[in-house]
Structures are given as structure tokens and as C-alpha cells.
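In what follows, a single structure is set out as C-alpha cells and then discussed.
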Amino acid sequence: MGAEDDAALVRRCLRGDDSAVRSLIEQFQDGVFGLSLKMLGHRQDAEDVTQEVFVRVFRSLRGWDTARPLKPWIMMIAANRCRTWASKRGKRPESVEFLPETLAAPPPDDSLELRQALADALAGLRPEYRSAFVLYHEQGQDYGAIAAHLARPVGTIKTWLHRARLELLDQLRTRGMVDTHDELPHDHV
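Take the sequence shown: its letters are residues 32 to 220, numbered as in the working numbering.
As C-alpha cells, this is what we get:
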């Protein structure tokens with residue numbers, strides 16, 4: 032969808048067109064939920080944040096700059112909500128309601144085990160490292176867009192990404208998931 036299509040959709044939403052509201056949600060909910068899940072690591076938190084994001088999107092639609100694409104604006108709101116949610120979550124105890132499902136699950140195959148190890152390692156990163164990593168590697172954002180989303184200089188984003196990669200690699204090595212001789216490519220920093 033182009034900027035003109037985005038603007039038309041937003042105008043319809045602002046006029047109270049229910050089908051436009053549904054269309055906007057359907058168009059962006061998978062991306063918002065995916066980003067939220069990657070950044071937060073918990074499905075329930077991701078679902079809650081996704082709902083909050085769309086409430087904020089519709090509350091702020093009049094302030095959206097029609098000269099800019101809609102998707103990065105929505106994803107920035109999602110990333111910001113995830114950061115806020117994660118900082119609040121750190122101040123309250125973790126829920127253990129997912130443990131019975133986890134314990135009853137069959138043993139994973141190697142690729143599932145690697146994905147789980149990576150998800151666990153990602154969840155253990157500092158929130159700002161995780162945000163930068165997810166936005167770059169999962170959402171395909173460039174350094175400039177991530178810097179704008181996170182309100183940090185591009186150099187800081189590059190540093191966070193580099194440190195995130197090093198920490199992830201170290202965690203995967205510790206778990207025996209990658210060879211101890213594997214190294215990061217040097218083209219990113």
C-alpha cells in the first residue's frame with residue numbers, strides 16, 4: 032500500500048468508516064503482534080500490547096504525517112509500547128501459568144531447539160538491545176529508522192546491535208547450539 036492509499040484509509044477511519052478501521056487493523060495487526068511477541072517474549076503480553084497499540088493509533092490518527100508511510104509510524108508506536116510494557120513488567124513478578132504447557136510439550140527437534148534457545152537468549156538481552164535487534168533483523172528496519180524509533184543516534188543503534196549479536200552468540204555457544212569457533216560477520220559495525 033502506498034502513501035496515497037495510506038492517506039485515503041486514514042481519512043476513511045477519521046470519518047468513522049467501520050470497514051476502514053477493520054481494514055487498517057487487519058493490514059497491520061500481524062506485524063504489530065509479531066514485533067510485540069519478539070520484543071516481549073510472552074504471547075499474552077504481546078496480545079495486550081497489540082490491543083493498546085491500536086487504541087493509541089486510532090487516538091493519534093489526526094497527528095499522523097500524511098507525507099510519511101503509515102507502517103513505520105504504527106511500528107514505532109508498537110516498539111514504544113513494548114519498551115514501556117517491558118519496563119513495567121520488570122517491576123512485577125512473572126506469571127507461571129504457562130509452565131504446565133511447557134512441561135507437557137514433546138522434546139523439540141534440533142531446529143525447534145535452536146529457535147527456542149535463540150528466543151530465550153533474545154529474552155535475556157537488555158531491553159534496548161532486544162528492541163534494536165528485533166527492529167533490524169525481524170522487521171527489516173534500517174539504522175536510521177531504528178534510531179528515529181528509539182530516539183537515539185545511529186551510532187548508538189549500531190553499538191546496541193553489535194552488543195546484542197555478541198551476547199546472543201555467547202548465549203548460543205554456552206548452550207552448545209553453535210560452534211565455539213563461529214564468529215560474527217564484521218560488516219555490521
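A virtual CB, placed ideally from N, CA and C, is assigned to each residue, including glycine.
From the options, pick the residue whose C-alpha is nearest to that of residue i; which is it?
i	options	result
C113	E78, Q172, I188	E78
A182	W95, S118, S162	S162
E198	F164, G186, P184, Q172	F164
Y167	L156, R146, P184, K189	K189
Alpha carbon to alpha carbon, what distance is there between residue j and residue i?
i	j	result
E83	A152	26 angstroms
P158	M70	8 angstroms
R74	Q172	23 angstroms
L203	E144	11 angstroms
L55	T205	43 angstroms
V250	H193	Past the edges of the chain, shown from 32 to 220, lies residue 250, and the structure says nothing about it.
L130	D76	Caution applies to L130, whose pLDDT of 36 falls short of 50 and renders its modelled position unreliable; the model cannot decide the point.
A39	A109	22 angstroms
G94	R46	15 angstroms
V80	G207	33 angstroms
V52	V63	15 angstroms
Give the range of the alpha helix (DSSP H) segment to which residue i is assigned.
i	result
V81	The question names Val, but residue 81 is Thr in the sequence shown. 74-91 is the extent of the alpha helix (DSSP H) around T81.
E57	49-71
W95	Neither: W95 is in no alpha helix (DSSP H) and is coded neither H nor E.
R204	185-205
P100	Neither: P100 is in no alpha helix (DSSP H) and is coded neither H nor E.
A176	174-181
E169	Run containing E169: none; DSSP gives neither H nor E here.
State yes or no: is the C-beta of residue i within less than 8 angstroms of the C-beta of residue j?
i	j	result
G72	A154	yes
M107	Q170	no
P231	D37	Any answer about residue 231 is impossible in this case: the structure gives the chain only from 32 up to 220.
A195	Y160	yes
Answer with yes or no whether the minimum CB distance from residue i to chain B is below 8 angstroms.
i	result
L68	Looking at the structure shown, chain B is missing, and only one protein chain is on hand.
Subject >> Three or more C-beta pairs below 8 angstroms linking the segment 84-94 and the segment 171-190 >> reply: As far as the Cβ criterion goes, the segment 84-94 does not touch the segment 171-190, which means the pair count is below three.
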